[in-house]
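Trainee: So the sequences go chain by chain: A and B. The first sequence maps to residues 2 to 687 in this note's numbering. The second sequence maps to residues 10 to 338 in this note's numbering. To start, I am sharing the structure in question, which I have written as structure tokens.
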Amino acid sequence: MINELENPFSVTKATEFTDIEINEYWVNFNTKDDVSVETILNPNEFLPKYVIGGKGCGKTHILRYFSYPLQKIRAQGNINALLQNDKYIGLYSVFHGLNSSRFEGKGINQFEWESIFEYYFELYISDNALHTIQEIISLLNINKEIEKVLVGNILSIFRNKNEFNNINTIHDVINLLTDLRRKIDTQILNAAFTRKLVYDDIKVLFTPGDLIFGIPAVTSCIAEMTAVKFIYIFDEYEKLFEWQKVFINTLVWDKKNPVTFWIGARRYGYTSRATKSGEKMKQGSEFQEINLDVLIRSNEGIYKRFAEKLFQNRLIKYFESKGLKVSPEDLGKKFKEKFEKYDENNIINEVIQKNKKGEYKHIKDLRAKLSKGMKKNVALDIKDEKQIDNIVEAVKLYTNNNPLEQKYKTFFLCKAWYSADKTMTFLSILENMNSEYQKFIKNLTGSFKEIKDKRKKDFIVQLCKEYNIKNGEYLGIEKFIELSQGNARTFILTLKKTIEFAKIRGEKPLEDGGGITLDSQYLAVYDTARWFYEDAEVIGKGGKQMYDSLKNLTDYFMIHRFCDKPTETTVSCFYVKAEDLSENALEVIEVMKMHSIIIEDDDGRLEKNTGRKERLFQLNKILAPLWNLPIVERGTIYLNKEIAEAIFDIDFQKNFERFFEKRKSELNAPDFMKNSGPDPFTKLFD
Amino acid sequence: MKNFDSLPIYDKLLNKIYAYYQTIWKDKWKEGIHTEWLGNFNDVDEDTLQKEQINMLYLLSKFMYFGNDELRELLYSLYRDLYKYPIIASIRKANGNTTDDAFIENKFIEEHENTRFLGVGNPSESGVHMLYYLRQECNLSRRFFINSSEIFSTTKNNETLSDGSIREFLNAELNNKTIKRYIFIDDFCGSGSQAKSYLKETVENIKFKSKDIEVVYLMLFGTELGISNVRKLNIFDRVDAVFTIDETFKAFSDSSRYFKNVPDAIIEKTFSHSTAIKYGTGLFNPPLGYGDSQLLISFHHNTPDNSLPIFWSDHNNWKPIFKRYNKKY
């Protein structure tokens, strides 16, 4: 049986970690310059932060790392040191815990829900603050008299402060708040039947913000806490209704010393800057937006080092749990060495092995295409099958039966056929082809060197597809890091699956003498890609539109990779003239971007003639294995208005099949002869 | 909506198998077990070999293995759905469709007190083995379980014949005359032959003593043929299975469920069939399993010989993936 605990990468979500694990598995994003997460979040300043990021970017891990339980672990329980050095207390709460969707419907009007939510929210958040303060004053050995003063200060916030006779400790205040919350819980529960909230029972005892800002302020009566800031760290902002987000924004906008806020949100849920005052919050002066995805992706080198430390850290903890002492560097090196190396020659040899009996598939295809061209009278001077035999022999000539070399020659042939005028003969093309090819064999520069440099990867993948061989361009730990594109969870999940597959295949990936085969690596990458695809969390109509568009986009990319005459190499990017596109298309592009299905390159693509910057996107690399698409950022295609809308706009998607077939015919023999001339799809820029 | 299909079929099938080993087959995982098993298929022609392995992997991906947890759940289901609920239904029917919980519960306890559960076969066989788990899963007292030998008690009697001589003879009587219901439990019924050989005489004797005693034969899994054959014996008041295996579970039958939609053109029923015969011939007679059942099924405690022998046989150095422990008679 495979034991999950035997996998150092089994935990892929920060919510599954204990506080101790959050601390132990923490790796700072860089440690030297100003790109460090700590310096960017900067707990020393009061400016509120909205920490935005896609799923698995490390947001929760980061936010929890700055919370009080983690501060305490780092300070080894020394509360004085914590307060003196950190000068802040992080109060982490998850909006999910509020069960915020309860505050809706049941025949109760919106205004009432808003009031009750605001009141409840304050009680909920203050509970966490009070528990933390209670622990701090206990660790500081604060005497009962001072605690009583503090409690008196807190109670003075309440309108009915004179009614609280027996409340002398923080514990009593917590009980008071718990009791108030329970009453609201009961009212909300019963509202489904009573269709009303009974306010006699609830009684609003303070105005919004009084407790959230008031409790931290009154802690100044404790000498050790006079200079301490309170950071309310709220995670999962995306789980709130829009009006609830507006309330949170209002608190942030209206913040009072010694309080500030850090709000964690998924990108798709970060939808409002509005406040209840009607004004919108201003980025920069009133809050700072920290986009973790952009931050990480724009620092590739740092992310690579971060990812390496991340897996080393997991391995160290794993081996230490088994009583083994190992150095991080040795461990990282040894682990990397366990990964079987991908070698393109193995693919070529496998194709040769699989094809001992007859002609290669690409040769058969070439015959069929020449024959079809002949019948359609578009194959230059070809008049009979004998000439086709001669062409095939010329393609095979000097290649030593190497299928990749034959692919290069087939490409040369198709390109020349496409460009040829009607007076040209295949004989002249073949002579030119073999003359160029001989130069290539002698390692001289020429057409074939360029073909190899630009198109080798695509042709190898074509062979993989034709012979049902796994495409190894995604394999190896460095590639895993690249595929994860700044998303730590994707990287850890790939490793988790790699270990799982290797173990089940008996490869002993974590033991001396064991290894991780290419097969295990490939299955792990493929499974992770599938997880990413299926876990996009877009439901309903929006989800269907996004997936339909993704299907169209990847179909369109694929015809550029699996064709006779690719115009671009390794296509995984596209750019559009955004101002031309319909709102529907732009909206779907935005949804795909928010869910990291596509990633926008902020540098855009410059039009050489006008210097205009067009919007440039890449398919998320982790999705590429699902379609055997490339991950290098090299080939970019232009999607003009018609095609872009056929891909992304539901109103025009009926046109996609037509554009797709047209494009396919332009890229493949012999149909490309109908369209020979300048390429209308890709030649916007020279 | 999905348009991706870049995983070669061989790997796609392996991927499924790995997913099974991580979940529902986890107690059957042994390092390299699937590689060893695939190595059994060794045609010298590489193309044929590849096709054989893919087709056999496909059959493996359709194989149904019931682990310990699943069997325990099925036993609970047997107790609840095939034993308890029918009794409750009859109590309600006899009492004007009453919904009085307490009344029904009391009546059921009465009925239950007069019921005994027995395994099919000898104590070393799987039918009896199931009783242990049934007792645990359904939280039943051990007094509800008896051996077949405990149904009757025999007394030595004398009779004076007309010539004055004394004849000694044994008289069998029902051991516990308050028992109204005997439930025979089996894990699997393929052809029904075991029910006949093990139970026919015993059940006929019970009925001879008291035709009002209800005798029920319940099984976890039963083929349609097996269930029908047992019913035809006309000795049981009721014969039922939690999981009925119909003709669609027969791997290469016309109505086989496994080849209605295949994920790749390389997977063919006729080719899979001939491959299973080709390798099964040296393993068991008949080569597609007892009674030509062609099943793809195994249990935590054993694999029935009705399943394809290529999965369970270890004859002639064959490496099984769901090994069968053969009975020694």
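Backbone N, C-alpha and C define an ideal beta-carbon position, used for all residues, glycine too. Source: prediction; values computed, not measured.
Hey, how far is the Cα of E17/A from the Cα of R65/A?
Mentor: In the first sequence, the residue the question calls residue 17/A occupies position 16. In the first sequence, the residue the question calls residue 65/A occupies position 64. Going from the Cα of E17/A to the Cα of R65/A covers about 12 Å.
Trainee: What's the C-alpha gap between A308/A and Y271/A?
Mentor: Walking along the first sequence from the start, residue 308/A turns up at place 307. Walking along the first sequence from the start, residue 271/A turns up at place 270. Spanning the two alpha carbons is a distance of roughly 26 Å.
Trainee: Which parts of the segment 14-59 of chain A are runs of the alpha helix (DSSP H), unbroken and 4 residues or longer, counting only runs that do not cross its ends?
Mentor: For the segment 14-59 of chain A, whole alpha helix (DSSP H) runs of length 4 or above, ordered along the chain, are 20-25 and 38-42.
Trainee: Buried or exposed for E168/B, going by 16 or more other Cβ atoms inside 10 Å?
Mentor: Taking the first residue of the second sequence as 1, we reach residue 168/B at position 159. Its Cβ having fewer than 16 others within 10 Å, E168/B is exposed.
Trainee: S583/A lies in the alpha helix (DSSP H); which residues open and close that run?
Mentor: Indexing the first sequence from 1 puts residue 583/A at position 582. Looking at the DSSP string, S583/A is not in any alpha helix (DSSP H), and its letter there is neither H nor E.
Trainee: Would P567/A pass as an interface residue toward chain B - the criterion being a Cβ-Cβ separation below 8 Å?
Mentor: Mapped onto the first sequence, residue 567/A falls at position 566. It does not: the Cβ of P567/A has no partner Cβ on chain B nearer than 8 Å.
Trainee: So does the segment 55-67 of chain B actually touch the segment 231-239 of chain B, counting three or more Cβ pairs closer than 8 Å?
Mentor: No, they do not touch.
Trainee: Please return the same chain residues whose Cβ sits closer than 6 Å to the Cβ of K37/B, not counting the five positions on each side in sequence.
Mentor: In the second sequence, counting from the first residue as 1, residue 37/B sits at position 28. Nothing meets the Cβ criterion.
Trainee: Sorted by chain position, which residues of the same chain lie with C-beta nearer than 6 Å to A670/A's C-beta, five sequence neighbours on each side aside?
Mentor: Here residue 670/A refers to the residue found at position 669 of the first sequence. If we look at A670/A and ignore the five residues flanking it on each side, its Cβ neighbours are K370, C415 and D565.
Trainee: For Y94/B, does the count of other Cβ atoms within 10 angstroms reach 16, so buried, or fall short, so exposed?
Mentor: Stepping through the second sequence from its first residue, residue 94/B is reached at position 85. Burial call: exposed.
Trainee: Taking S521/A as the reference, which of K542/A, E386/A and N472/A has the closest Cα?
Mentor: Taking the first residue of the first sequence as position 1, residue 521/A is located at position 520. Residue N472/A is the option with its Cα nearest to S521/A.
Trainee: Could you tell me whether the Cβ atoms of E223/B and D246/B are closer together than 8 Å?
Mentor: Within the second sequence, residue 223/B is the residue found at index 214, counting from 1. Within the second sequence, residue 246/B is the residue found at index 237, counting from 1. Cβ distance < 8 Å, so E223/B and D246/B count as in contact.
Trainee: Helix, strand or coil for N488/A, going by three-state DSSP, please let me know.
Mentor: Indexing the first sequence from 1 puts residue 488/A at position 487. Looking at N488/A - three-state DSSP - the assignment turns out to be coil, as it is neither helix nor strand.
Trainee: Any Cβ of chain B within less than 8 Å of the Cβ of L524/A?
Mentor: Counting from 1 along the first sequence, the entry for residue 524/A is found at position 523. Closer than 8 Å: yes.
Trainee: Between W46/B and chain A, is the shortest Cβ-Cβ distance under 8 Å, so that the two count as touching?
Mentor: In the second sequence, the residue the question calls residue 46/B occupies position 37. Not closer than 8 Å to any Cβ of chain A, the Cβ of W46/B fails to qualify, so no.
Trainee: Measure from the C-beta of M2/A to each C-beta in chain B and report whether the shortest distance is under 8 Å.
Mentor: Here residue 2/A refers to the residue found at position 1 of the first sequence. Note that M2/A has pLDDT 43, beneath the 50 cutoff, so the model's placement of it is unreliable and the number below is only indicative. Judged by the 8 Å Cβ criterion, M2/A is in contact with chain B.
Trainee: Let me know the secondary structure DSSP gives E40/B once reduced to three states.
Mentor: In the second sequence, counting from the first residue as 1, residue 40/B sits at position 31. In the structure shown, E40/B sits in coil (DSSP, three-state: anything other than H, G, I, E or B).
Trainee: What's the C-alpha gap between A130/A and L92/A?
Mentor: By one-based count along the first sequence, residue 130/A stands at place 129. By one-based count along the first sequence, residue 92/A stands at place 91. Cα to Cα, the separation comes out at about 6 Å.
Trainee: Can you tell me the Cα-Cα spacing of Y468/A and P631/A, whole angstroms?
Mentor: Here residue 468/A is taken as the residue at index 467 of the first sequence, counted from 1. Here residue 631/A is taken as the residue at index 630 of the first sequence, counted from 1. Whole-angstrom Cα-Cα distance: 18 Å.
Trainee: Quick one: Cα of K310/A to Cα of V28/A, how far?
Mentor: Locating residue 310/A in the first sequence gives position 309, where the first residue counts as 1. Locating residue 28/A in the first sequence gives position 27, where the first residue counts as 1. So the alpha carbons of these two residues sit roughly 7 Å apart.
Trainee: Use the C-beta contact count for T179/A: other C-beta atoms within 10 angstroms, 16 or more gives buried, fewer gives exposed.
Mentor: Here the question's residue 179/A lines up with position 178 in the first sequence. Per the 10 Å Cβ criterion, exposed.
Trainee: Given that a residue counts as buried once 16 or more other Cβ atoms are within 10 Å of its Cβ, and exposed if not, what is L297/B?
Mentor: As a first step, residue 297/B is located in the second sequence; it is residue number 288 there, counting from the start. Buried, because 16 or more other Cβ atoms sit within 10 Å of the Cβ of L297/B.
Trainee: Roughly how many angstroms lie between the CA atoms of T211/B and L183/B, to the nearest whole one?
Mentor: By 1-based counting over the second sequence, the position of residue 211/B is 202. By 1-based counting over the second sequence, the position of residue 183/B is 174. Between T211/B and L183/B, the C-alpha separation is close to 11 Å.
Trainee: Listing by chain order, which chain B residues have their CB less than 9 Å from the CB of G514/A?
Mentor: In the first sequence, counting from the first residue as 1, residue 514/A sits at position 513. Chain B residues near G514/A: none, gap ~14 Å exceeds 9 Å.
Trainee: Our contact map puts V150/A next to C222/A with C-beta atoms below 8 Å; I'd like the distance itself, whole angstroms only.
Mentor: As a position in the first sequence, residue 150/A is number 149, starting the count at 1. As a position in the first sequence, residue 222/A is number 221, starting the count at 1. That belief holds up - the Cβ atoms of V150/A and C222/A are roughly 5 Å apart, short of 8 Å.
Trainee: Could you tell me the distance, in whole angstroms, from the CA atom of K71/B to the CA atom of K205/B?
Mentor: If you number the second sequence from 1, residue 71/B lands on position 62. If you number the second sequence from 1, residue 205/B lands on position 196. If you take the alpha carbons of K71/B and K205/B, they lie about 31 Å apart.
Trainee: Assess contact between the segment 251-258 of chain A and the segment 200-214 of chain A, defined as three or more Cβ pairs (one per stretch) separated by less than 8 Å. Is contact present?
Mentor: Touching, yes, given that three or more Cβ pairs across the two stretches are closer than 8 Å.
Trainee: Taking the C-alpha atoms as reference points, what is the distance between K60/A and K377/A?
Mentor: Along the first sequence, read from residue 1 onward, the residue named residue 60/A stands at position 59. Along the first sequence, read from residue 1 onward, the residue named residue 377/A stands at position 376. For K60/A and K377/A, the distance between alpha carbons rounds to 60 Å.
Trainee: Comparing the C-beta of F13/B with each C-beta of chain D, is any distance below 8 Å?
Mentor: Among the protein chains in the structure shown, which are A and B, there is no chain D.
Trainee: For S94/A, list the residues DSSP reports as bridge partners.
Mentor: Numbered from its first residue, the first sequence carries residue 94/A at position 93. In DSSP, S94/A forms a bridge with F235/A.
Trainee: Can you tell me whether S328/A is buried or exposed, with buried defined as 16 or more other CB within 10 angstroms of its CB?
Mentor: Counting from one through the first sequence, the residue named residue 328/A turns up at place 327. With fewer than 16 Cβ atoms within 10 Å of its Cβ, S328/A is classed as exposed.
Trainee: Does chain B have any CB closer than 8 Å to the CB of Y66/A?
Mentor: Residue 66/A sits at position 65 when you count from the first residue of the first sequence. No, Y66/A does not count as interfacial toward chain B.
Trainee: Applying the 10 Å Cβ sphere with the 16-neighbour rule, what's the burial state of Y200/A?
Mentor: Counted from its first residue, the first sequence places residue 200/A at position 199. So Y200/A counts as exposed.
Trainee: Quick one: is I512/A buried, meaning 16 or more other Cβ sit within 10 Å of its Cβ, or exposed?
Mentor: Along the first sequence, read from residue 1 onward, the residue named residue 512/A stands at position 511. Reading the sequence as shown, one finds Glu at residue 512/A and not Ile. Burial call: exposed.
Trainee: Counting only C-beta atoms, is I470/A closer than 8 Å to chain B at any point?
Mentor: Within the first sequence, the letter at position 469 stands for residue 470/A. Chain B, which has a Cβ nearer than 8 Å to the Cβ of I470/A, makes this yes.
Trainee: Going by other Cβ atoms of all chains shown within 10 Å of its Cβ, with 16 needed for buried, is P681/A buried or exposed?
Mentor: Mapped onto the first sequence, residue 681/A falls at position 680. Model confidence at P681/A stands at a pLDDT of 47, short of 50, so the residue's coordinates are unreliable; what they give is reported in the following sentence. P681/A should be labelled exposed.
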